[in-house]
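Enquirer: Following this message is one structure expressed as structure tokens.
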Amino acid sequence: MDTRIGRVTADAKVKHFESGKAVVNFSLAVDTSYSDKEGKQIKRTQFVECALWQREIMAQYLTKGKLIFIEGDLDVRAYIKNGEAIGVNTMNVTGRIKFLSGSSTSASDQQDAAPAAVASEPVPADDDLPF
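Numbered per this note's numbering, the sequence shown spans residues -11 to 119.
Structure, rendered in structure tokens:
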């Protein structure tokens, strides 16, 4: 299980399939830090692609800047061309979301925000995935 807290980088997009299923795609910016050999604190931002199945109503709330918690399964896929791997895509197939604040970046928003909506649903079979 993969859990992250971060900010939505752009408004979510909904994709509908002929089967009647829908997926909400969005990206999350997650701040991380670590100490190097000299003890210096190094900060970086990881961008996590996310897919939320059968919850298209959530797209209207997954807007740029929202601070959210996600929980889901990691799906790692290699891109292969001419028999050679040319890249890897890692996606959080999200099963649960909790909204932590609005789009403000102040520390008080993170502390004072009450948890809101939670969405969860079983992850679909691989043949229904859009990638």
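Each residue gets a CB set at the ideal place from its N, CA and C atoms; glycine is no exception. This structure is a prediction, so every number in the text was calculated from the model and none was measured.
Are the CB atoms of V2 and E44 nearer to each other than 9 Å?
Expert: For V2 and E44, yes; Cβs fall inside 9 Å.
Enquirer: When you compare only the Cα positions, how much space is there between G83 and V64?
Expert: Looking at the two C-alpha atoms, the distance is approximately 16 Å.
Enquirer: On a Cα-Cα basis, can you pick out the residue from S89, S21 and A(-2) that is closest to C38?
Expert: Residue A(-2) is the option with its Cα nearest to C38.
Enquirer: Entirely within the region 13 to 88 and at least 3 residues each: give me those beta strand (DSSP E) ranges in chain order.
Expert: DSSP runs (the beta strand (DSSP E)) wholly in the region 13 to 88: 29 to 41 and 55 to 69.
Enquirer: Determine the direct distance from the alpha carbon of G60 to that of K31, and round the result to whole angstroms.
Expert: Near 24 Å, if we compare the C-alpha coordinates of G60 and K31.
Enquirer: Going by DSSP, name the residue or residues bridged to K3.
Expert: According to DSSP, K3 bridges with V11.
Enquirer: Assign F5 to buried or exposed, taking buried as 16 or more other Cβ atoms, counted over all protein chains shown, within 10 Å of its Cβ.
Expert: When all chains shown are included, F5 counts as exposed.
Enquirer: What would DSSP say about T207, mapped onto helix, strand or coil?
Expert: It is not possible to answer for residue 207, since the shown part of the chain is limited to -11 through 119.
Enquirer: Just to confirm, is the Cβ distance from L50 to I85 under 9 Å?
Expert: Against a cut-off of 9 Å, the Cβ pair of I85 and L50 comes out as a contact.
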